[in-house]
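A.B. asks:
In full-length UniProt numbering, the protein residues as written are 1 to 292.
(1) Which residue wins for smallest C-alpha separation from residue 40, given the options 206, 265 and 251?
(2) Here's the rule I'm using: 16 or more other beta-carbon atoms within 10 Å means buried, otherwise exposed. How should residue 218 be labelled?
(3) Whole angstroms is fine: what's the gap from residue 48's alpha carbon to residue 172's?
(4) Out of curiosity, what's the CA-to-CA distance linking residue 50 and residue 178?
(5) For the structure I just gave you, are there three or more beta carbon pairs, one from the stretch 224-240 and one from the stretch 54-63, closer than 8 Å?
(6) Could you have a look at residue 34 and say whether DSSP puts it in helix, strand or coil?
(7) Assuming contact is defined by CB atoms lying nearer than 8 Å, are residue 212 and residue 129 in contact in what I supplied?
(8) Using only alpha-carbon positions, find the residue among 103, 255 and 52 that is nearest to residue 174.
(9) In this structure, how does DSSP classify residue 86 when only helix, strand and coil are distinguished?
(10) Only counting runs of 3 or more residues, tell me where the beta strand (DSSP E) segments fall wholly within the stretch 129-155, in order along the chain.
(11) Starting from residue 255 and walking both ways along the alpha helix (DSSP H), at which residues does that stretch end?
(12) By how many angstroms is the C-alpha of residue 196 removed from the C-alpha of residue 95?
(13) Looking at C-alpha atoms only, which residue of 138, 239, 243 and 142 is the closest neighbour of residue 165?
(14) Exposed or buried, residue 282, counting other C-beta atoms within 10 Å across all chains shown (16 or more means buried)?
(15) Tell me the residue span of the beta strand (DSSP E) that contains residue 287.
(16) Quick one, are the C-beta atoms of residue 138 and residue 102 less than 8 Å apart?
(17) How long is the line joining the alpha carbons of residue 267 and residue 81, rounded to whole angstroms?
(18) Excluding the 5 residues preceding and the 5 following residue 286 in the sequence, name in chain order all residues of the same chain whose CB lies nearer than 8 Å to its CB.
(19) Alpha carbon to alpha carbon, what distance is there between residue 190 and residue 66?
(20) Is it true that the CB of residue 37 sits closer than 8 Å to the CB of residue 78?
(21) If we ignore side chains and look at the alpha-carbon of each, how far apart do residue 169 and residue 245 end up?
(22) Hey, out of 123, 188, 112 and 98, whose CA is closest to residue 104's CA?
(23) Name the residue from 276, 238, 258 and 255 whose alpha carbon lies nearest to the alpha carbon of residue 284.
(24) Tell whether a beta-carbon distance below 8 Å holds between residue 155 and residue 134.
(25) Only counting runs of 3 or more residues, tell me where the beta strand (DSSP E) segments fall wholly within the stretch 185-222, in order along the chain.
(26) Taking 8 Å as the cut-off, decide whether the C-beta atoms of residue 234 and residue 223 are in contact.
(27) Does DSSP classify residue 265 as helix, strand or coil?
(28) If you measure between the beta carbons of residue 113 and residue 99, is that distance less than 8 Å?
Structure follows, in structure tokens:
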């Protein structure tokens, strides 16, 4: 039995009460042991109080975050991405940070392609590496961007690209650009402070803007379904990074309710805003966050 099949079976046993959740939690975390996560910059949510003149804006690409360490492509977890040799052959000795992208509305396809033990050339020929940062690079983001463009141009590989950056005059112009991108099938916008030195962790030098907000939470427990969902998962009890818990009960397909996300796994959900208590309002399940 494959590990994914074992995990699905274990999820069902937990839901039925035949197996303690701790067993599933151990299985979910087993593949993450001893992985060294790359130090990367993470985005905060956009707020209109910032000075937009300080920021460069680009489309938010709904792809797989990939860090090139000079020898291998890696997920955020540090796990190696099994890319074809030709795909990485021209990558430099220095580090790169970006997204593996198949185009708009293609997250599931690129996610599946990058997680295969044996990469399929047919899939990877449709993938571009959209490079957005030079980890550890000197100077401001604007200066690193110029160095990045020069470096990628010298590689002479069409699947290596640098996303276009632009500026906006005010929040109204930013929102219009967001609407245009979303109508065309895009996910949102990223704002990077132009004068920012390279840094890691979650910071206001990098902001994300979407029509809806999203976040991640850990699956803590299953709540049984009622009515047409009798015998299936009705909702997940999930825990936010700050320890707050809430129930996530919408956005699931029947198949996902029959085989719910594992206890201990991370899920991504969308929401409109936060309540005064800091809980997400109108939260909907989006997807399981695969190990990266």
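Where is the CB? At the ideal position from N, CA and C, for every residue including glycine. Predicted model only: the values in this text are computed from it and were never measured.
C.D. replies: Let me lay it out:
(1) 206
(2) buried
(3) Rounded to the nearest angstrom, the two C-alpha atoms are 10 Å apart.
(4) 17 Å
(5) no
(6) Residue placement at residue 34 cannot be trusted, given a pLDDT of 38 that sits under 50; what the coordinates show is reported in the next sentence. In the structure shown, residue 34 sits in coil (DSSP, three-state: anything other than H, G, I, E or B).
(7) Cβ atoms of residue 212 and residue 129: not closer than 8 Å.
(8) Of 103, 255 and 52, the residue nearest in Cα terms is 52.
(9) helix
(10) none
(11) 254-258
(12) When the Cα atoms are used, residue 95 and residue 196 turn out to be separated by approximately 18 Å.
(13) 142
(14) Residue 282 counts as exposed, since fewer than 16 other C-beta atoms from the protein chains shown sit within 10 angstroms of its C-beta.
(15) Where residue 287 is concerned, the enclosing beta strand (DSSP E) stretches over 284-288.
(16) no
(17) Spanning the two alpha carbons is a distance of roughly 21 Å.
(18) 214, 251, 267, 268, 269 and 270
(19) Note on geometry: alpha-carbon atoms of residue 66 and residue 190 lie some 17 Å from one another.
(20) yes
(21) Taking C-alpha positions only, residue 169 is separated from residue 245 by approximately 39 Å.
(22) 188
(23) 238
(24) no
(25) 188-193 and 201-210
(26) yes
(27) coil
(28) no
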